[in-house]
Amino acid sequence: MNDSSPFVAVIGGGPAGLMAAEVLAQGGARVALYDAMPSVGRKFLLAGVGGMNITHSEPKAPFLGRYGARRDALATLLEDFDADALRAWIHGLGIDTFVGTSGRVFPTDMKAAPLLRAWLKRLKDQGVTLHTRNRWLGWDESGALRIAGPEGETRVKADACVLALGGGSWARLGSDGAWVPLLEARGVAIAPLQPANCGFEVDAWSPLLKEKFAGAPIKPVAMGLEGEPLRQGEFVLTAGGIEGSLVYALSSAIRERINASGRATLHLDLQPGQSLEKITRALSRPRGSRSMAKHLHSQLGLDGARAGLLRELSAKDDFLDPARLAAAIKRLPLTLVRPRPLDEAISSAGGVTFEALDAGLMLQALPGVFCAGEMLDWEAPTGGYLLTACFASGRVAGRGALDWLAAHRG
Numbered sequence: 001m002n003d004s005s006p007f008v009a010v011i012g013g014g015p016a017g018l019m020a021a022e023v024l025a026q027g028g029a030r031v032a033l034y035d036a037m038p039s040v041g042r043k044f045l046l047a048g049v050g051g052m053n054i055t056h057s058e059p060k061a062p063f064l065g066r067y068g069a070r071r072d073a074l075a076t077l078l079e080d081f082d083a084d085a086l087r088a089w090i091h092g093l094g095i096d097t098f099v100g101t102s103g104r105v106f107p108t109d110m111k112a113a114p115l116l117r118a119w120l121k122r123l124k125d126q127g128v129t130l131h132t133r134n135r136w137l138g139w140d141e142s143g144a145l146r147i148a149g150p151e152g153e154t155r156v157k158a159d160a161c162v163l164a165l166g167g168g169s170w171a172r173l174g175s176d177g178a179w180v181p182l183l184e185a186r187g188v189a190i191a192p193l194q195p196a197n198c199g200f201e202v203d204a205w206s207p208l209l210k211e212k213f214a215g216a217p218i219k220p221v222a223m224g225l226e227g228e229p230l231r232q233g234e235f236v237l238t239a240g241g242i243e244g245s246l247v248y249a250l251s252s253a254i255r256e257r258i259n260a261s262g263r264a265t266l267h268l269d270l271q272p273g274q275s276l277e278k279i280t281r282a283l284s285r286p287r288g289s290r291s292m293a294k295h296l297h298s299q300l301g302l303d304g305a306r307a308g309l310l311r312e313l314s315a316k317d318d319f320l321d322p323a324r325l326a327a328a329i330k331r332l333p334l335t336l337v338r339p340r341p342l343d344e345a346i347s348s349a350g351g352v353t354f355e356a357l358d359a360g361l362m363l364q365a366l367p368g369v370f371c372a373g374e375m376l377d378w379e380a381p382t383g384g385y386l387l388t389a390c391f392a393s394g395r396v397a398g399r400g401a402l403d404w405l406a407a408h409r410g
């Protein structure tokens, strides 16, 4: 690599930006990476708190199905850098991985920091320069990148640029969506950013439920949208609604139902391991002087937050009829009215549409400018799918930039 090598600026130091920088450096480009935060990979490190779930081991077809409406676009990105390739890449950094009981893949030590340190050392050895506390402000009249750093604003003239600016969640870690108006002003089509993998709100819990059970887990339970099959798991009651892994798994469908009709009705099965008939028989047994709360506990093991939720969402008369109460336990309606704010979401939906990009993830409205990561218009549930696609899109954008430079430099 020398001064005649093409110079590429990468904006954003998350997994997609770092991967693009690696591919570019390996391809012979001079690479400078700019990030607005004091250090790179902040959201990546936060995702590793409690266990760094890097990808998932499930077969290809269901894996791709996790990307919903954008399945085909993500299938293209993952063609040569799928979950297996990502694991091999991690092993190349000297980090071992294992598959957990749920099929999720983790580094052996469960931590994100050692992986990030090894990766940053590799990038440094490849000649990539990192510039933290440097915020991208768009372009000037000549097409140079405007970068605001500790010493003031500078202009950076690059032969190509990769934008990997994240979505709109967790603004304090750098993903603030501030890039949206900058690209819209240049004619780039962007789907509105929306919360994904997020909690949802109800109209209002009663003061009793809120005070006694906010923060309590609901398990075991199965949940599904009206008209859809139920999925078993667990979730958490919040002061204003619900959140947790089962909610996140359904969040895309819940959000779109709310977008379409203003609300979404879920049905809960509070006793997923028992049939309606068995529950009806149990509740029909004489309870004598025992309270209904003690009857539910002794006959079904249903108490605490689950019993509180049953009281909250069912009619008083249901408790007078064992058959009606059993039906409520097996199919308890819960209406959600809005998602929690975007900045609280684990990730975001929306972003630069794939129709605005070519196969190398270059913006058709801005030749030489490439996009990668969560700022693209796709979403996925938690479980390693988000990170896998971010890594893969960074590779595609880096290769796309190298191919474009080769075709446009004499």
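Heads up: the sequence shown begins at 1 in UniProt numbering, then just goes up one per residue. The C-beta atom is built at its ideal place from N, Cα and C for all residues, glycine as well. Quantities reported herein were computed from a predicted structural model and do not represent experimental measurements.
- Boundaries for L376: no beta strand (DSSP E) harbours it, and the DSSP string shows neither H nor E there.
- Counting C-beta atoms within 10 angstroms of its own C-beta, H295 has 16 or more neighbours from the protein chains shown and is therefore classed as buried.
- The Cβ atoms of R340 and C161 do not sit closer than 8 Å to each other.
- The beta carbon of E374 lies closer than 8 Å to those of G14, A16, G166, G167, S175, S347, S348, G351, L386, C390 in the same chain, with the five residues before and after it left out.
- Separation of P38 and P59 (C-alpha to C-alpha, rounded to the nearest whole angstrom) is 38 Å.
- Q299 sits in a helix when the DSSP states are folded into three classes.
- Contact between K210 and A239 holds: CB atoms are separated by about 5 Å, below the 8 Å threshold.
- With distances taken between CA atoms, H267 lies nearest to E228 out of E228, A249, G103.
- Annotation: A36 to R133 spans about 4 Å, alpha carbon to alpha carbon.
- Beta-bridge partners of F98 (DSSP): F106.
- Restricting attention to beta strand (DSSP E) runs no shorter than 3 residues, the stretch 188-267 encloses them at 190-196, 217-225, 231-237, 241-243, ordered along the chain.
- Taking the C-beta atoms as reference points, A222 is found nearer than 8 Å to P272.
- Sequence-distant partners of V128 (beyond 5 residues in either direction) whose C-beta falls short of 7 Å from its own C-beta, in its chain, are A21, A25, V31, L33.
- For the options M110, L115, W139, T76, the alpha carbon positioned closest to that of G94 is the one of L115.
- Counting C-beta pairs with one atom in each stretch, the stretch 103-113 and the stretch 47-66 have three or more that are closer than 8 Å, which means they touch.
- Sequence-distant partners of V202 (beyond 5 residues in either direction) whose C-beta falls short of 8 Å from its own C-beta, in its chain, are G240, G241, I242, L334, T335, L336, V337.
- The shortest C-alpha to C-alpha distance from G288 to any of V188, K219, S298 is the one to S298.
- Membership of E153 in the beta strand (DSSP E) is indicated by the continuous run 152-156.
- Within the same chain, Cβ atoms closer than 7 Å to the Cβ of P150 are found at R133, the five residues on either side in sequence being excluded.
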